[in-house]
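A.B. asks: Taking my numbering, the leading residue of the sequence shown gets 5, the next gets one more, and so forth. Glycine included, every Cβ here is placed at the ideal spot set by N, Cα and C. All of these numbers come straight from a predicted model, not from anything done at the bench.
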Amino acid sequence: MRVTAALGGLLAVGAGAGCATQSRGRDGVYRGDVAITGLASLIHSAPFLIAASEGYYEEEMLALENVQFPGGLDTVRGIGSGIGFGTSATIPVFIAVERGLDVKAFGNVYTAASVDFIAPADSPINTIEDVRGRTIGVSSPGSNSTDFAEKTLRLAGLTPGVDVELLSVGSASDSWTVASQGVVDVAWTASPLSERIIAETGAKVIWRSRDYVQDWSDTCLCATTPFIEKNRDVLAGWMRAVGRGIEMIDTDLERAAEIYGRTIKYKPEIALAALENSRGFFSLDFARPQLEAVVASGVEAGRLGGKVDIDSVVVEL
């Protein structure tokens, strides 16, 4: 596992410098990097980590190194700048296409809205209705945490900026820090960090975005059009390997949690709780209502124009 320093100002971690080329050798093995948004921090990465750890990549003649990108458009740009393929949050793929990047989505990954909102154990806040007159810590303007905070508040009958103040505080861990210090009343977070904070501090989930947003594609598989045209067999093999990771989560949760926890350095019981809370939300298949909801959300938030052709962005291998 490697964290890229190319985008987002992150430091490199893990073994080795990664694969220098993206190609299939004389031995028939494709060698290269694959971009994974939030690899070490977000629950959707579990199938990729399981696939790498269990040798599923190798069985598909793939020598891939999962490379973490910080998210948003950075991941899609990384895919477009030479890596060629990976997994990104779904909305940024549509944004990138609208801005002229030749990239396509060809598979789903995580089908639930991933942002959670938590508060300290002794907080008087217990429901979303209780946040009236309070402050919620979000990442930054235009981020998923901000979008989901605004969307879920409106669905609960509250007006962001009027009934509730949203304060940009940075990452999920930063958000929890300021919440625990009383700077904000509610912090944004996401699995598996949600489960870790709950286990270590007794914090409580006030609401999950997925309680209000049922049709959703949070992250997806994507690649540039030239990469798809040249490497359909690579992408098909990658999908099969990732699909086996999803199958393990569905059929052998404890083993999946042990592998996932070990790779992200979380206690097995916390990894188990995180995967258990996300069970049933992993799928490689797109549903039209999910894509329509993603586009509508992007338009509503002003991140996408009003005319988006889903069929020009989403393709089958």
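Please report the distance separating the alpha-carbon of V246 from that of P51.
C.D. replies: Approximately 6 Å between the Cα atoms of the pair.
A.B. asks: DSSP on K4, reduced to helix/strand/coil?
C.D. replies: Because the chain in this structure spans residues 5 to 321, residue 4 falls outside the shown range and cannot be described.
A.B. asks: Could you tell me if G13 is buried or exposed, where buried requires 16 or more neighbouring beta carbons within 10 angstroms of its beta carbon?
C.D. replies: Annotation note: pLDDT 30 at G13 (below 50); position unreliable, coordinate value reported separately. The residue is exposed, with fewer than 16 neighbouring Cβ atoms inside 10 Å.
A.B. asks: Can you grab the Cα-Cα spacing for the pair P124 / I132, in whole Å?
C.D. replies: So the two alpha carbons sit approximately 14 Å from each other.
A.B. asks: Do three or more CB pairs link the stretch 192-199 to the stretch 66-82 at distances below 8 Å?
C.D. replies: At 8 Å Cβ cutoff, the stretches do not touch.
A.B. asks: So is G302 buried or exposed if we call it buried at 16+ other beta carbons inside 10 Å?
C.D. replies: So G302 counts as buried.
A.B. asks: Tell me which residues share the same chain as D289 and place their Cβ nearer than 7 Å to its Cβ, disregarding the 5 neighbours each side in the sequence.
C.D. replies: Hits under 7 Å: N112.
A.B. asks: Compute the beta-carbon to beta-carbon distance between R307 and G104, rounded to the nearest angstrom, for a pair I have assumed lies under 8 Å.
C.D. replies: In fact, because the Cβ distance is near 15 Å, the residues do not count as touching under 8 Å.
A.B. asks: Is it true that the CB of L53 sits closer than 8 Å to the CB of Y264?
C.D. replies: Cβ atoms of Y264 and L53: closer than 8 Å.
A.B. asks: Per DSSP, what kind of secondary structure is L43 in: helix, strand or coil?
C.D. replies: Coil at L43, not helix or strand.
A.B. asks: Need the endpoints of the alpha helix (DSSP H) that K234 sits in, please.
C.D. replies: Segment 229-234, the alpha helix (DSSP H) holding K234.
A.B. asks: For a test of the three-state rule: what should DSSP assign to I210, helix, strand or coil?
C.D. replies: I210: strand per DSSP, three-state reduction.
A.B. asks: By Cβ distance, which residues of its chain are closer than 8 Å to V318, with the 5 residues on each side in sequence left out?
C.D. replies: Counting only Cβ-Cβ distances below 8 Å, and skipping sequence neighbours, we find K108, A109, F110, F290, L295.
A.B. asks: Determine the contact status of F89 and A260, defining contact as a CB-CB distance below 8 Å.
C.D. replies: Not closer than 8 Å, so no.
A.B. asks: Under DSSP, the alpha helix (DSSP H) around G302 begins and ends at which residues?
C.D. replies: Taken as a continuous stretch (DSSP letters only), the alpha helix (DSSP H) holding G302 covers 292-304.
A.B. asks: Taking 7 Å as the cut-off, is the CB of S143 close to at least one heavy atom of the ligand GDP?
C.D. replies: As for the ligand GDP, it is missing from this structure, which has no ligand bound.
A.B. asks: Return the bridge partner residues of D37 from the DSSP annotation.
C.D. replies: For D37, which the question treats as bridged, DSSP gives the partners E69.
A.B. asks: Take A207 and list the residues in its own chain whose beta-carbon comes closer than 7 Å to its own, dropping the five residues that flank it on each side.
C.D. replies: If we look at A207 and ignore the five residues flanking it on each side, its Cβ neighbours are I122, A123, P124, A125, I201.
A.B. asks: Taking the alpha-carbon positions, what's the P230 to V97 distance?
C.D. replies: Their backbone Cα atoms lie some 16 Å apart in a straight line.
A.B. asks: Report the three-state DSSP secondary structure of Y270 (helix, strand or coil).
C.D. replies: Coil.
A.B. asks: List the residues that DSSP assigns as beta-bridge partners of F89.
C.D. replies: Bridge partners of F89: A227.
A.B. asks: Please name the residue or residues paired with R81 in a DSSP beta bridge.
C.D. replies: In the DSSP output, where bridge partners are listed per residue, R81 has none listed.
A.B. asks: Per DSSP, what kind of secondary structure is W220 in: helix, strand or coil?
C.D. replies: Correct three-state label for W220: coil.
A.B. asks: On the three-state DSSP scale, how would you describe E64?
C.D. replies: Three-state DSSP puts E64 in coil, outside helix and strand.
A.B. asks: Are three or more beta carbon pairs between the stretch 169-179 and the stretch 136-153 nearer than 8 Å?
C.D. replies: At 8 Å Cβ cutoff, the stretches touch.
A.B. asks: Among Q185, L159, V168, S144, whose alpha-carbon lies nearest the alpha-carbon of W174?
C.D. replies: Note on identity: in this sequence residue 174 is Gly, with Trp being the wrong assignment. If we check each option's Cα against that of G174, S144 comes out closest.
A.B. asks: Please say whether T223 and S92 have beta carbons closer to each other than 8 Å?
C.D. replies: Closer than 8 Å, so yes.
A.B. asks: By DSSP, does E169 sit in helix, in strand, or in coil?
C.D. replies: Residue state, collapsed to three classes: strand.
A.B. asks: Just the C-alpha distance for E320 and W242, rounded to the nearest angstrom, thanks.
C.D. replies: About 14 Å.
A.B. asks: To which residues of the same chain is V33 closer than 6 Å at the C-beta, ignoring the five residues directly before and after it?
C.D. replies: Excluding positions up to five away in sequence, the list reads M65, A67.
A.B. asks: I need the boundaries of the alpha helix (DSSP H) containing L319, first residue and last residue.
C.D. replies: In the sequence as presented, Leu is not what sits at residue 319; that position holds Val. Here V319 belongs to no alpha helix (DSSP H), and DSSP marks it neither H nor E.
A.B. asks: If you follow the beta strand (DSSP E) that I122 is in, where does it begin and where does it stop?
C.D. replies: Unbroken beta strand (DSSP E) run through I122: 119-123.
A.B. asks: Compare the beta carbon distance of I253 and L279 with 8 Å and say whether it is the shorter of the two.
C.D. replies: Yes, Cβ-Cβ distance for I253 and L279 is below 8 Å.
A.B. asks: For my contact list, I87 and A39 are in at a C-beta cut-off of 8 Å; report their separation, rounded to the angstrom.
C.D. replies: With a Cβ gap of about 5 Å, I87 and A39 count as contacting.
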